[in-house]
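Here our numbering is used: the sequence shown runs in plain steps of one and ends on residue 245. What follows is one structure encoded as structure tokens, with my remarks underneath.
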Amino acid sequence: SRVEVVKIDSEDVKRHKASFLFKGVDGILVPGGFGYRGIEGKINAVEYARREKIPYFGICLGMQTAVMEFARNVCGLKGANSTEFNRKTAHPVISLLDEQKHINAKGATMRLGAYPAKLIAGTRAHAAYKRSVIWERHRHRYEFNKAYKDILFKKGMRISGISPNGLLVEIVELKGHPWFVAVQFHPEFKSKPDHAHPLFREFIKAAIAGKAEAL
31 SRVEVVKIDS EDVKRHKASF LFKGVDGILV PGGFGYRGIE GKINAVEYAR REKIPYFGIC
91 LGMQTAVMEF ARNVCGLKGA NSTEFNRKTA HPVISLLDEQ KHINAKGATM RLGAYPAKLI
151 AGTRAHAAYK RSVIWERHRH RYEFNKAYKD ILFKKGMRIS GISPNGLLVE IVELKGHPWF
211 VAVQFHPEFK SKPDHAHPLF REFIKAAIAG KAEAL
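Below, the structure is given as structure tokens:
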């Protein structure tokens with residue numbers, strides 16, 4: 031199948047316009063980025079994908095916005111945010127971890143380069159990779175705040191990839207959704223035209239399956 035990519039400026043994604051902007055779209059991908067510009071639009075895109083059961087793939091910031099949206103709209107944590115954007119948020123579901131604040135190595139608080147992750151059996155991530163341990167490349171500062179793990183888990187968000195020491199959440203998924211996977215790393219760094227990264231492959235497969243089901 032041929033994939034048609036439709037680029038949508040996140041600043042244009044208002045809640046009341048989402049159904050118009052995403053009309054005919056079979057999958058939604060929110061990529062990485064830095065800064066507050068367009069953040070609320072990305073969160074609106076996540077909400078639309080979640081509510082309308084459209085395959086969703088979040089990368090880096092796209093994972094963080096997925097957590098923020100779920101915390102706000104499913105868990106009822108009003109104003110849940112990342113401390114990158116609001117240091118005074120009542121619910122810092124994404125934050126700079128205490129152990130990161132004292133790092134003096136190259137990149138300082140930024141997590142750079144390849145890191146291992148353990149995948150949980152029975153998840154979409156494990157099914158895609160077909161292995162229990164993976165190595166993926168990172169470029170970010172802020173992380174999933176595990177203090178909120180239990181409340182998100184009770185509402186249907188699950189952790190499917192975690193660092194070997196159990197401190198860092200690398201992949202989250204949603205139960206009861208056709209395909210909703212969000213990762214803290216950058217799988218595009220390891221994807222090639224003739225050898226697609228397994229998560230991109232599965233995302234496209236889910237989008238095609240959803241399109242066929244809708245016909």
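Think of the CB as a built atom: it goes at the ideal place given N, C-alpha and C, for glycine as much as any other residue.
*asked:* I need the straight-line Cα distance from Lys136 to Ala158, nearest angstrom please.
replied: In this prediction, Lys136 scores a pLDDT of 46, lower than 50, which makes its location untrustworthy; the coordinate-derived value is nonetheless stated afterwards. Going from the Cα of Lys136 to the Cα of Ala158 covers about 32 Å.
*For Ala72, count neighbouring C-beta atoms within 10 Å of its own C-beta (all shown protein chains included) and say buried if the count is 16 or more, exposed if not.*
Note that residue 72 is Lys in the sequence shown here, rather than Ala. Lys72 is buried by the Cβ-count criterion.
*Is it the case that the Cβ atoms of Leu204 and Arg80 are separated by a distance below 8 Å?*
yes
*If I'm right that Ser190 touches His216 with Cβ under 8 Å, what's the distance once you round it to whole angstroms?*
Their Cβ separation, rounded to whole angstroms, is 17 Å, which puts Ser190 and His216 out of contact at 8 Å.
_C-alpha distance - Ala110 paired with Asp224, whole-angstrom precision_ = 40 Å
_Span of the beta strand (DSSP E), counted from its first residue to its last, around Tyr186_ = Per the sequence shown, residue 186 should be read as Gly rather than Tyr. Premise fails: Gly186 is in no beta strand (DSSP E) and is neither H nor E.
_I'd like the list of long-range same chain contacts for Met93, defined as Cβ closer than 7 Å, with 5 residues on each side in sequence excluded._
Val202, Ala212, Val213, Gln214
_Outcome for Gly54 when other beta-carbon atoms lying within 10 angstroms are tallied against a minimum of 16_ = exposed
*Looking at the unbroken alpha helix (DSSP H) that takes in Arg117, where does it start and where does it end?*
Careful: Arg117 lies outside any alpha helix (DSSP H) and carries neither H nor E.
*Does the beta-carbon of Arg171 have 16 or more other beta-carbons within 10 angstroms, so that it is buried, or is it exposed?*
buried
*Pull up the CB-CB distance for Gly57 and Pro85, whole angstroms please, since I reckon it's below 8 Å.*
4 Å
*Starting from Lys87, trace the alpha helix (DSSP H) both ways and give me its first and last residue.*
Lys is not the amino acid found at residue 87; the sequence shown has Phe there. Counting along the chain, Phe87 falls outside any alpha helix (DSSP H), though it belongs to the beta strand (DSSP E) covering 86-89.
*Run the CB neighbour count on Val33, radius 10 Å, all protein chains shown included, and call it buried at 16 or more, exposed below.*
exposed
*Would you tell me roughly how many angstroms separate the C-alpha atoms of Ala239 and Trp209, rounded to the nearest one?*
10 Å
*asked:* Under DSSP, the alpha helix (DSSP H) around Leu51 begins and ends at which residues?
replied: 48-51
_Residue range of the beta strand (DSSP E) that includes Val211_ = 210-213
*Compute the distance between the beta-carbons of Glu70 and Ile124, then report whether it is under 8 Å.*
no
*Should Glu41 go down as buried or exposed, given a rule of 16 or more other Cβ atoms within 10 Å for buried?*
exposed
*In its own chain, which residues sit with a C-beta less than 6 Å from the C-beta of Val76, not counting the 5 before and 5 after it?*
Thr95, Ala96, Glu99
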